[in-house]
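Residue numbers (the working numbering): 20 to 197. Glycine is no exception: its CB is placed at the ideal position from the N, C-alpha and C atoms. This one's a predicted model, so the numbers in the text were calculated from it and none came from an experiment. Structure first, then comments.
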Amino acid sequence: MLRDGYAAVTSRRVEAEAGIKLHYHFGTLDDLFVAVFRRRAERNVERMRDALSSAEPLRAWWQLASDPRGTALLVELTAAANHRAALQAEVAELARDVRRLERETLASILDGYGIDQNEFPPALVAAAVQGLALVVVQDQVRGFDTGHDEASAAMQRLLERLERRRARTESTTEAAIG
20 MLRDGYAAVT SRRVEAEAGI KLHYHFGTLD DLFVAVFRRR AERNVERMRD
70 ALSSAEPLRA WWQLASDPRG TALLVELTAA ANHRAALQAE VAELARDVRR
120 LERETLASIL DGYGIDQNEF PPALVAAAVQ GLALVVVQDQ VRGFDTGHDE
170 ASAAMQRLLE RLERRRARTE STTEAAIG
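Structure, rendered in structure tokens:
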């Protein structure tokens, strides 16, 4: 799938290259796509939870979201989902769950960054970070020269500033309590 795209994945090719009987182990090609997606999704959601609960959640989240490893497969699986109803349902469910996790976490941490949630609601921040990361990574993976390095560097500078602000806010709060 990564080498030739999702459309090149056939039962015969899977059986020849993986050495398994697809219909015996998975049932259908759609079932294989769903199994691959679920396996990747479970690991990625856990990594996202870890990032969002880390000492620097916005920076950790950006690093995870903008990591090209795994993004190419996600893009192919998402493209395949446009033509496979069972996979589309899985992708939609994951998107809802992940966006909910992002929004809930952001609602609890944005104030610590000095971000006004009325002006920049968690849904906007979540969509902006995920959207920019996806575009940057897709352009990197495809070798497009679209200024993705500049956008990524600007995001890194913004995150540095926000994480410093959050650290100052936390240390001031701790000093006032202590």
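Coarse secondary structure for residue i, derived from DSSP in three states
i	result
Gln263	The chain is shown from 20 up to 197; residue 263 falls before or after that span and cannot be answered.
Ser73	coil
Pro140	coil
Leu21	coil
Val55	helix
His102	coil
Ser30	helix
Thr47	coil
Ser85	coil
Asp135	coil
Thr124	helix
Asp116	helix
Asp164	coil
Ile196	helix
Gly150	helix
Inter-residue Cα distance where the pair is residue i and residue j
i	j	result
Ala105	Arg183	44 Å
Ala170	Ala84	14 Å
Glu123	Glu34	42 Å
Leu77	Leu178	7 Å
Glu189	Glu65	26 Å
Gly133	Leu113	29 Å
Leu41	Met20	15 Å
Met174	Ala79	12 Å
Pro87	Arg161	10 Å
Asp168	Leu129	26 Å
Ala108	Leu120	18 Å
Ile39	Val110	25 Å
Arg57	Leu125	25 Å
Arg180	Ala54	40 Å
Gln136	Ala194	25 Å
Check: Taking one C-beta from the stretch 138-158 and one from the stretch 77-96 each time, how about it: are there three or more such pairs within less than 8 Å?
Finding: yes
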